[in-house]
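Reviewing the structure listed below.
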Amino acid sequence: MRFVARSAVVRVGAGAVALSLLAGGAVVAQAALTKVPSEVQAGDYRLDSAHGKITWSVDHLGFSKYYGQFVNVQAELKLDPANPSASSLTATIPLTEVDSNSDGLNKHLQTADFFDTANHPVATFRSTRIVVDPSEPNEAMVYGELTLRGVTKPVTMEVEFNQAGQTRGGYKAGFDGEAKIKRSDFGITFALPALGDEVELHIEGEFVKPAA
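Mapped onto mature numbering (1 follows the signal peptide of the UniProt record, and there is no 0), the consecutive letters of the sequence shown carry residue numbers -31 to -1, 1 to 181.
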């Protein structure tokens, strides 16, 4: 991914997926790690796919919640801490890169019962609006559109900024995000209602700013 983005899910989610770092105000110089959104460097960031994933969960026949992950997610974040509404996020989720801890289920998820990856191998997310409450500068509401199986629906993520700063991998900003969707909205109706319709998403992301 409530789709709250905190420590990484998008809790962001994502990011989400996170634009919490988007608190308004002047951007100030920073020498070390910071948890203050206004101190984060503005610019274009790319998701470090090795440290970014989307975890999903769904009710399993009323007995438990079943969890899985999408990995190798690709995402780009345009960050403007001084003007959060000018920030944007886009992401591409390879539906073939799903890990449910079951080889059989991984294969089933590729079929027309679920993702139909022969015709729709990826899902995409595009932000349309980012809102930061001045009283909660480390949190943001990221409104956007999710396209899955050729169907586009609005999705809202709650994102939390974790921290930013220079690391051995470059200058990074980390977020968590959370969101909820209904799979039936995207034409995925297999085993309803026994298998849950509501899917909870938790997004973790470390975004890297390329060196100048």
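Cβ coordinates follow ideal geometry from the N, Cα and C atoms, glycine included.
Pairwise C-alpha distance: residue j and residue i
i, j, result
"Gly73", "Tyr36", "15 angstroms"
"Met126", "Ser96", "10 angstroms"
"Thr136", "Phe130", "17 angstroms"
"Ala51", "Asp102", "13 angstroms"
"Asn70", "Tyr140", "33 angstroms"
"Asn41", "Asn107", "26 angstroms"
"Val61", "Gln43", "The displayed chain sequence assigns Thr, not Val, to residue 61. Rounded to whole angstroms, Thr61 to Gln43 spans 5 angstroms at the Cα level."
"Gly146", "Val128", "4 angstroms"
"Ala87", "Lys122", "21 angstroms"
"Ala163", "Gln38", "21 angstroms"
"His89", "Ala1", "43 angstroms"
"His77", "Thr24", "18 angstroms"
"Asp85", "Leu115", "16 angstroms"
"Gln79", "Pro63", "11 angstroms"
Cβ shell of residue i (< 8 angstroms), same chain only, five flanking positions each side left out
i, result
"Phe159", "Asp82, Phe83"
"Thr3", "Val9, Gln132, Ala133, Gly134"
Beta-carbon gap between residue i and residue j smaller than 7 angstroms
i, j, result
"Ala148", "Leu117", "no"
"Gly12", "Lys178", "yes"
"Gly113", "Phe144", "no"
Segment limits, beta strand (DSSP E) that includes residue i
i, result
"Gly146", "139 to 151"
"Asn131", "120 to 136"
"His171", "164 to 178"
"Pro63", "57 to 63"
"residue 217", "Nothing in the structure corresponds to residue 217, since the chain is present only between -31 and 181."
"Glu114", "108 to 117"
Residue environment, residue i, which counts as buried when at least 16 other CB atoms sit within 10 Å
i, result
"Gly138", "exposed"
"Ala142", "buried"
"Ala92", "buried"
"Ala19", "exposed"
"Val120", "exposed"
"Ser33", "exposed"
"Gly174", "buried"
"Pro6", "buried"
Chain-order list of residues whose beta-carbon lies under 6 angstroms from that of residue i (same chain, five-residue window excluded)
i, result
"Val100", "Met110"
"Phe155", "Leu117, Arg118, Val120"
"Phe176", "Tyr14, Leu16, Leu46, Ala142"
N- and C-terminal bounds of the alpha helix (DSSP H) containing residue i
i, result
"Lys76", "72 to 78"
Close-in-space but distant-in-sequence residues of the same chain around residue i (CB under 7 angstroms, 5 per side omitted)
i, result
"Ser57", "Lys47, Ser96"
"Gly165", "Val27, Asp28"
"Lys151", "Asp166, Glu167"
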